[in-house]
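Mapping of the sequence shown onto the working numbering: position 2 corresponds to residue 619, and the numbering continues sequentially without gaps.
Glycine residues also receive a C-beta, built at the ideal position from the N, C-alpha and C atoms.
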Amino acid sequence: MTANRSRYDGTSLSAPAKRAEDGKSFVVSSKLSAANAGGVARWLVKSGKKTVIVSNRVVTTNGNELTYRAYALPVVTNNGTPINPSPLNIAQSLASTVMLYSSPVVSSPGIPLVPSYLPGSTAQGNSTTGNLYANEQENIVPPNTTLMLEVKNDGAKNPASIELYIVWSEVENPSPFQE
């Protein structure tokens, strides 16, 4: 599905490309460590006054067995360390209303959403131990919503280095036909 034409070269753009061109898309990358035997890396995401369309999530790690899961409505006692997002289009940069934090302290993770298991590899021969999870399915996060993202180390790599990469857009109306 295409939206309005590009202001730069006149080509038709998909809705995600149009949102990026208009300065409504942002990216963040954050790296944490998780010890084995159930150790976790956590990130807190608080949407602002706009609807958030998450278009890309990538988790990479050197760990050999991990579980990635999002939780809705966590009970947070400390937000953690703020993470600053970057705009995808620095020529049209709007301020993000999303607040992101690494290593929040939670008393309850909240409502679990569907997990993704990352089985890893055994590092035999010249192969590399590690995992990659990539999801380019768009997900809609309503305004003023708090989510916790968690990667649990289920394997023997201690500690596992975990990088989270997220791309999202912030819109008043999530329709792909919006101006």
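Query                                                                                                                                             : Result
Tell me R659's beta-bridge partners as DSSP assigns them.                                                                                         : E767
Between the Cα of V758 and those of I700, G665, L781 and P776, spot the shortest distance and give me the residue it belongs to.                  : G665
Can you name the start and end residues of the alpha helix (DSSP H) that E638 belongs to?                                                         : A632 to E638
Buried or exposed for T763, please, with buried defined as at least 16 other CB atoms from any protein chain shown within 10 angstroms of its CB. : buried
Is the stretch 777-784 touching the stretch 675-685, taking contact as three or more C-beta pairs under 8 Å?                                      : yes
Which of the three DSSP states is assigned to A615 in this structure?                                                                             : In the structure as shown, the chain begins at 618 and stops at 796. Residue 615 is therefore absent and cannot be evaluated.
Using beta-carbon positions only, say whether V768 and I670 come within less than 8 Å of one another.                                             : no
If you follow the beta strand (DSSP E) that S733 is in, where does it begin and where does it stop?                                               : S733 to L735
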